[in-house]
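Residue numbers for the sequence shown follow this note's numbering, beginning at 4 and rising by one. To start, the structure under review is shown below, and the notes come after it.
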Amino acid sequence: MRIQIVAVGTKMPNWVNTGVDEFIRRFPSDMPVSFTEIPAGKRGKNADIKRILEKEGELMLAAIPKGNRIVTLEVTGKPWDTPTLAKQLDNWKMDGRDVSLLIGGPEGLAPECISASEQKWSLSALTLPHPLVRIILTESLYRAWSVTQNHPYHRE
Numbered sequence: 004m005r006i007q008i009v010a011v012g013t014k015m016p017n018w019v020n021t022g023v024d025e026f027i028r029r030f031p032s033d034m035p036v037s038f039t040e041i042p043a044g045k046r047g048k049n050a051d052i053k054r055i056l057e058k059e060g061e062l063m064l065a066a067i068p069k070g071n072r073i074v075t076l077e078v079t080g081k082p083w084d085t086p087t088l089a090k091q092l093d094n095w096k097m098d099g100r101d102v103s104l105l106i107g108g109p110e111g112l113a114p115e116c117i118s119a120s121e122q123k124w125s126l127s128a129l130t131l132p133h134p135l136v137r138i139i140l141t142e143s144l145y146r147a148w149s150v151t152q153n154h155p156y157h158r159e
């Protein structure tokens with residue numbers, strides 16, 4: 004199973020890229036994790052947010068290989084603790100499809116992305132900064148994988 008993370012926004016600070024790359028590097032070859040960045044639309048004083056969100060959504064969905072399970076990260080999604088996420092990973096593997104996890108931009112995800120998702124996951128009831136979400140997501144996935152493998156990382 005492959006996991007693809009699709010996120011709105013480019014030009015992240017170095018500490019974000021370093022953190023994300025560190026956890027992605029740790030995944031085994033039978034569960035590779037990739038990161039796809041979608042350029043954020045220009046937001047200004049008179050920006051048409053609805054149109055920007057729509058364009059970001061189109062680009063996100065176009066970046067997802069056909070047949071992938073789509074999981075959106077949303078404040079209103081279901082909160083999963085580490086054991087629950089580990090069960091999700093096992094369920095996704097049994098499903099036989101690759102998984103695409105979607106992180107929206109400043110206004111969240113386009114309605115088209117939300118309606119295309121099979122699962123909605125909330126990392127926190129808090130609104131988290133998008134750069135931090137990338138690190139929390141990759142670390143959480145790695146920790147859940149370590150639980151499924153009885154790897155010592157989870158007990159550190």
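Beta carbons are placed, not taken as given, at the ideal position from N, Cα and C, and that holds for glycine. Please read these numbers as outputs of a predicted model, since none were measured by experiment.
| Does DSSP put residue 142 in a helix, a strand or coil? | helix
| task | Determine the contact status of residue 133 and residue 109, defining contact as a CB-CB distance below 9 Å. | result | yes
| message | If you reduce the DSSP assignment to three classes, tell me which class residue 2 lands in. | response | There is simply no residue 2 to check, as the chain begins at 4 and stops at 159 in what is shown.
| query | Can you tell which of 9, 82 and 143 has the C-alpha that lies nearest to the C-alpha of residue 43? | reply | 9
| task | Give the DSSP bridge partners of residue 105, in chain order. | result | 9 and 75
| Pick from 142, 16 and 119: whose alpha carbon is nearest that of residue 126? | 142
| said: Can you give me the C-alpha to C-alpha distance between residue 35 and residue 104, rounded to a whole angstrom? | reply: 13 Å
| request: Following the continuous alpha helix (DSSP H) through residue 30, name the residue where it begins and the one where it ends. | output: First-last for residue 30: undefined, no H or E at that position.
| Ends of the beta strand (DSSP E) at residue 123? | 122–125
| field | Top-ranked residue by Cα proximity to residue 4, from 101, 60 and 146 | value | 101
| task | Return yes when the Cβ of residue 151 is within less than 9 Å of the Cβ of residue 66, no when it is not. | result | no
| residue 39, enclosing beta strand (DSSP E) - first and last residue | 36–41
| message | Closest to residue 30 by C-alpha separation, out of 145, 20 and 77, would be which residue? | response | 145
| Cα-Cα separation, residue 11 to residue 136 | 11 Å
| Reduced DSSP category for residue 48 - H, G, I as helix; E, B as strand; rest coil | coil
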